[in-house]
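Asks: For any residue, its number in the numbering used here is found by taking its place in the sequence shown, counting from 1, and adding 18.
Note that the Cβ used here is the ideal one computed from N, Cα and C, for glycine as well.
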Amino acid sequence: MSAERTLILVKPDGVARGLSGTILARVEAKGYKLVDMKFVHATREILEAHYAEHVGKPFYEPLVEFMLSGPVVAAVFEGERVIEGFRSLAGTTEPTTAAPGTIRGDYGRDWGLKVQQNLVHGSDSVKSAEKEISIWFG
Ligand code: IDP
Ligand code: MG
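1. Taking 7 angstroms as the limit between beta carbons, can you name the residues of its chain near R127, skipping five residues before and five after?
2. From T40, H68 and G140, pick the residue whose C-alpha is nearest to that of S106; which is it?
3. Looking at the strands, I want to know which residues DSSP matches up with F95.
4. Judging by CA-CA distance, which residue of F95, E148 and K132 is the nearest neighbour of A43?
5. With DSSP run on the structure shown, which of helix, strand or coil describes T40?
6. From K51, L27 and A67, pick the residue whose C-alpha is nearest to that of A4; which is it?
7. Listed in chain order, which residues are found with a beta carbon closer than 7 angstroms to a heavy atom of the ligand MG?
8. Any contact of the region 65-83 with the region 28-44, i.e. 3+ C-beta pairs under 8 angstroms?
9. Can you give me the start and stop residues for the alpha helix (DSSP H) that H68 sits inside?
10. According to DSSP, P118 sits in a beta bridge with which residue or residues?
11. What residues match up with H139 in a beta bridge as DSSP calls it?
12. What are the boundary residues of the alpha helix (DSSP H) that L107 is part of?
13. Going straight from the alpha carbon of L65 to that of R35, what length do you get?
14. Once DSSP output is grouped into helix, strand and coil, what is the label at F84?
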């Protein structure tokens with residue numbers, strides 16, 4: 019059985035604020051293994067595939083625009099229960115109430131925009147991880 023993998027993105031706000039290294043270091047420090055990584059400016063096509071589950075929601079278009087606003091770091095991390103472990107480290111979606119000690123809780127806040135800029139993305143299931151790794155890394 020191969021080890022579990024997840025797709026992690028440092029979103030454009032994380033890159034613009036100079037937090038890419040800090041964020042990746044926290045994932046590495048927890049013990050997960052970095053197995054692939056690239057610095058990339060997403061395309062609308064990539065984002066439409068990546069965020070297909072959110073089509074039609076009020077924040078969908080602002081989310082796509084936000085993700086197109088600058089480069090992201092896309093990374094694949096590996097380890098036992100890494101999907102769940104990274105989402106726990108990232109914190110809940112809304113940065114205002116994400117627990118202190120999490121990435122979103124420590125570095126994020128609400129900026130009063132139509133989309134929450136919350137620094138990171140992490141796959142939410144084995145199925146999504148496989149799909150997302152293939153979208154971003156082919
Ligand atoms: P997740 O990133 O915590 O898995 P999702 O529900 O998959 O959250 O939503 C994808 C992204 O869309 C979030 O990370 C956030 O940037 C944005 N988002 C989600 N829900 C809302 C909302 O209710 N208002 C504004 N932005 C949202
Ligand atoms: Mg999600």
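Replies: From the atom records:
1. Locating residue 127 in the sequence shown gives position 109, where the first residue counts as 1. The answer, listed in chain order, is P113 and T114.
2. For the purposes of this step, residue 106 is taken as the residue at position 88 of the sequence shown. When each option's Cα is compared against that of S106, the closest is G140.
3. Taking the first residue of the sequence shown as 1, we reach residue 95 at position 77. Its beta-bridge partners are T24 and L52.
4. Numbered from its first residue, the sequence shown carries residue 43 at position 25. For A43, the nearest C-alpha among the options comes from F95.
5. The count along the sequence shown starts at 1 and reaches residue 40 at position 22. Here T40 sits in helix by DSSP.
6. This structure leaves residue 4 out entirely; the chain is present only between 19 and 156.
7. H139 and D142
8. no
9. Locating residue 68 in the sequence shown gives position 50, where the first residue counts as 1. That run of the alpha helix (DSSP H) goes R62 to H68.
10. On the sequence shown, residue 118 is found 100 positions in, with the first residue counted as 1. According to DSSP, P118 bridges with T120.
11. By 1-based counting over the sequence shown, the position of residue 139 is 121. Per DSSP, L27.
12. Taking the sequence shown and counting its residues from 1, one reaches residue 107 at position 89. Note, L107: alpha helix (DSSP H), V100 to A108.
13. In the sequence shown, counting from the first residue as 1, residue 65 sits at position 47. In the sequence shown, counting from the first residue as 1, residue 35 sits at position 17. Between L65 and R35, the C-alpha separation is close to 21 angstroms.
14. Against the sequence shown, residue 84 aligns to sequence position 66. Residue state, collapsed to three classes: helix.
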